[in-house]
Amino acid sequence: MEESFIPKIPVASWIDAFVDWLTVTFAIVFDGITIALEAIVNGMNTVLMVIPALILIIILALLAWKLASKGIALFTLIGLLLIQNLGYWEGMLQTLSLVLTSVIITVIIGLPIGVWASQKRTVQQIVTPILDFMQTMPAFVYLIPAIFFFSIGVVPGVVASVIFAVPPTIRLTILGIQQVPTDIIEATEAFGSTVKQRLLKVQLPLATPTIMAGINQSIMLSLSMVVIASMVGAPGLGADVYRAVTQIQIGTGFEAGLAIVVMAIILDRLTQNIGKKKN
Amino acid sequence: MDERAKKISVSQVSKIFGKNTKKATQLLNEGQSKNEILKQTGATIGVNQANFDVYDSEIFVIMGLSGSGKSTLVRTLNRLIEPTTGDIFIDGKNITKMSKDELRETRRKKISMVFQKFALLPHRTILENTEYGLEIQGMAKDTRKQKALDALKLVGLEGYENQYPDQLSGGMQQRVGLARALANDTDILLMDEAFSALDPLIRKDMQDELLDLQSSMAKTIVFITHDLDEALRIGDRIALMKDGAIVQIGTPEEILMNPSNQYVERFVEDVDLSKVLTAQHVMKRAETVQVDKGPRVALQLMKKLGISSIYAVDKKKNIRGIVHATAAKEAVDSGKTIEEILDTSYQTVTEDTVLTDLFDIVSTASIPVAVVNENGRLNGILVRGAVIAALAGNNDAINDFEHDTSTTQDQSIKEVY
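Each protein sequence line maps, in turn, to chains A and B.
Letter by letter, the first sequence follows residues 58 to 336 of my numbering.
Letter by letter, the second sequence follows residues 3 to 419 of my numbering.
What follows is the structure, encoded as structure tokens:
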């Protein structure tokens, strides 16, 4: 073993100190966020639970028919019936509430940042490395400070999902807006558009398919976080998988995993086609 | 032309791309070449000290090969590209000094633009595309719809309002581009290679239509093209660009007849002269006899000039007919006047008839064809040999245009008696 010339840089203790400082200083803010997020997820879950399973399945199948195709509608119908039959209906709704909340927050945060970065080069230069960092840092690492800030339960799960899922929305919003052909931008400029008019009437409508692809990716990523989120106490299908893994119940693990896959496919096909229909 | 109002006035406009613009500007002022400046500073010269005026309701063509800076130059006119130095006056107001709001207002009310690749909004219908310029000005829906429909009618696209751009052919899409620009009802129209993406036949149609529209609308049009034939067809005046600099400005004729340097000469050498030269360029001096003189005078004149017939004109130089030598001789013997022996079966053409159209007439005529102005005044005659020589590209057969045209016309008619 070689001795290092420079003593070890105490990155770990700096981060610990920083997180401690944040926890204490912004306790009120974090508490507020916790209460708000919990209310959103629980509210959504309650609404979904009130609707009888069969009716919800039919509504979702009809939605799939309208947005996508007959095939996907049929898949939705059979897939959801299977989930209900296996007894994962409640878990699925909890997961759905968590995913939907994460995605709504992702869009609320990601879209404006993406739009801003697309208009200002310096903003993009700052945002891009941060996104790289967020995507490459192992997702587990987010959980630890999330517990500190938001204690355990569904909220740190949502927060970790958002951090993990927001980059594609931002990236593809930037890409979609910057991909609008320069001659079209020139034309809108030449006729005397304001920045707002250019954005709302030209750039965003033309970028919509790309932005929707980004949101679709964000949904998939936040769904992939559900198992990890269950480690900090988020309920739902993730918790079922996690329990099965720790108790080495192969069959149960497979069932819960299958339910997640079915959900993923339905969400993916639905959101993909929203983008295409608008095009 | 010069007494017409200046609509656009461009003074010492340069555009330098790159970082070291200050040094590059300095070198440019010292008269260094584009390549030399690139070598020394790494900056590219887009436009090099351009100066020109565009007069009210003329079509001003800026022509040059790709990379000559013509598209950059036209974009400085509405500041889609900020000029590095220089001033641009639109109706006397310096657009380079305008604030953002003033500039936006100028773009909305004074200048509209047509683009090479049409630049239509794919998510909007033809009508919505045409309305765009008016919509962003906050015009009421009904008013702007009516204006857009009128503009679409002008370009012959009635009935296509609810289609989307990708449902139309290239030519039709560019008509939408034109309609969108016309709907704004601005005085100035910038057309950046507007017809270059169209195939040749459609392009020619569009050129004709533009000229048609222009004759009724009288806009001030700055038209960019790399196609000399297009420039000659539609331009009232042409500016030729090379390496960002304007090398010559003039009417199509001036550019063709007197290329200011080798570059222009090479550019124009392949032009089909027969479509550019007119009767005015190849006509010869007409020998005439006053109709109230006697046949003896006419005969004497023909003898002296060695010709067998001569045009008889009145005091205003209007043609009355032609006198043949044989008829004049008979008249002398029988005591008739010139009036009585006039042959009126001569042919006339106007001064601006192009050479291709002249050829048919001249080749079948037995006597020289008369060139007349719109009032019937005889300005010159066409001799078969000279027309053929001009068609063959013989410059000696082409009248010199360095002189004022009015004096050449007067010189071409020599009154002997």
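Just so you know, even glycine gets a beta-carbon here, dropped at the ideal spot from N, CA and C.
Please read these numbers as outputs of a predicted model, since none were measured by experiment.
So which of B:Tyr166, B:Leu230 and B:Val49 has the shortest CA-CA distance to glutamate 195 of chain B? B:Leu230
Which residues of chain B have a Cβ atom closer than 9 Å to the Cβ of leucine 263 of chain A, listed in chain order? Leu123, Pro124 and His125
Using a Cβ-Cβ distance under 8 Å, would arginine 106 of chain B count as near chain A? yes
If you check the beta carbons only, do valine 291 of chain B and valine 284 of chain B fall under 8 Å apart? no
The stretch 206-214 of chain B touching the stretch 3-18 of chain B, judged by at least three CB pairs closer than 8 Å: no
Beta-carbon within less than 7 Å of glycine 290 of chain A's beta-carbon, same chain only, minus the 5 sequence neighbours each way: which residues are those? Ile209 and Gly210
Which runs of the alpha helix (DSSP H) at least 4 residues long sit entirely within the stretch 75-145 of chain A? Give them in chain order. 84-107, 110-124 and 127-143
At 8 Å on the CB atoms, spell out the chain A contacts of leucine 82 of chain B, in chain order. Glu243, Glu246 and Ala247
Who pairs with arginine 386 of chain B in a beta bridge, going by DSSP? For arginine 386 of chain B, which the question treats as bridged, DSSP gives no partner whatsoever.
Answer yes if the stretch 323-333 of chain A comes into contact with the stretch 32-46 of chain B, meaning at least three C-beta pairs across the two stretches below 8 Å, and no otherwise. no
Give me the chain E residues within the contact set of asparagine 186 of chain B, using Cβ-Cβ distance strictly less than 8 Å, ordered along the chain. The structure shown contains no chain E; the protein chains it does contain are A and B.
Strictly below 7 Å CB to CB, what residues from chain B border valine 215 of chain A? Going along chain B, no residue has its Cβ under 7 Å from valine 215 of chain A, so there is no contact; the nearest lies around 34 Å.
Name the one or two DSSP bridge partners that phenylalanine 57 of chain B has. Checking the displayed sequence, the identity of residue 57 of chain B turns out to be tyrosine instead of phenylalanine. Bridge partners of tyrosine 57 of chain B: B:Lys8.
Integer-rounded CB distance, given that leucine 301 of chain B should sit under 8 Å from alanine 330 of chain B: 4 Å
Glycine 173 of chain B versus chain A: which residues are under 9 Å apart at the beta carbon? Correct list: empty, because the minimum Cβ distance to chain A is about 18 Å.
Taking the straight line between their C-alpha atoms, what separation do you get for leucine 105 of chain B and alanine 121 of chain B? 21 Å
Thinking alanine 150 of chain B and leucine 170 of chain B are a contact (beta carbons under 8 Å), I'd like their distance in whole angstroms, please. Not really, about 16 Å apart at Cβ, beyond 8 Å.
Quick one: any contact between the stretch 294-301 of chain A and the stretch 312-320 of chain A, if contact means 3 or more CB pairs under 8 Å? yes
Buried/exposed call for aspartate 55 of chain B, threshold 16 Cβ in 10 Å: buried
Determine the direct distance from the alpha carbon of serine 368 of chain B to that of asparagine 320 of chain B, and round the result to whole angstroms. 21 Å
Exposure of phenylalanine 197 of chain B, with buried meaning 16 or more beta-carbon neighbours within 10 Å: buried
Determine, using beta carbons only, whether threonine 303 of chain A comes closer than 8 Å to chain B. no
To the nearest angstrom, report how far apart leucine 40 of chain B and valine 215 of chain A are at their CA atoms. 55 Å
Taking beta-carbon pairs under 8 Å, can you tell me which members of the stretch 145-175 of chain B lie near chain A? none
Please name the residue in A:Met194, A:Gln260 and A:Thr80 whose C-alpha comes closest to that of alanine 222 of chain A. A:Met194
Quick one: residues in its chain with C-beta nearer than 8 Å to the C-beta of threonine 352 of chain B, no 5 flanking neighbours on either side, listed in chain order? Ala281, Val373, Val374, Asn375 and Glu376
Enumerated in chain order, which unbroken segments of the alpha helix (DSSP H) with a length of 4 residues or greater are wholly contained in the stretch 155-238 of chain A? 178-193, 196-207 and 211-235
Closest residue to tyrosine 57 of chain B among B:Asp152, B:Gly158 and B:Ile223 (Cα-Cα distance): B:Ile223
State whether the stretch 244-252 of chain A contacts the stretch 184-192 of chain A, with contact taken as three or more CB pairs (one from each stretch) at a distance under 8 Å. no
Below 8 Å on C-beta distance, what does valine 259 of chain A contact in chain B? Leu123
Taking a Cβ distance cut-off of 7 Å, strictly less, list which residues of the stretch 179-196 of chain A are near chain B, in chain order. none
Given threonine 366 of chain B, which residues of its chain have a CB within under 7 Å of its CB, disregarding the five upstream and five downstream residues? none
DSSP state of leucine 67 of chain B, grouped into three classes? coil
Just to check my reading of the structure: isoleucine 343 of chain B and alanine 327 of chain B have Cβ atoms closer than 8 Å, yes? What is that Cβ distance to the nearest angstrom? Contact doesn't hold; Cβ gap of about 11 Å is too wide.
From the DSSP secondary-structure annotation, give me the bridge partner or partners of threonine 280 of chain B. B:Val356
Flag glutamine 236 of chain A as yes if its beta-carbon sits less than 8 Å from any beta-carbon of chain B, otherwise no. no
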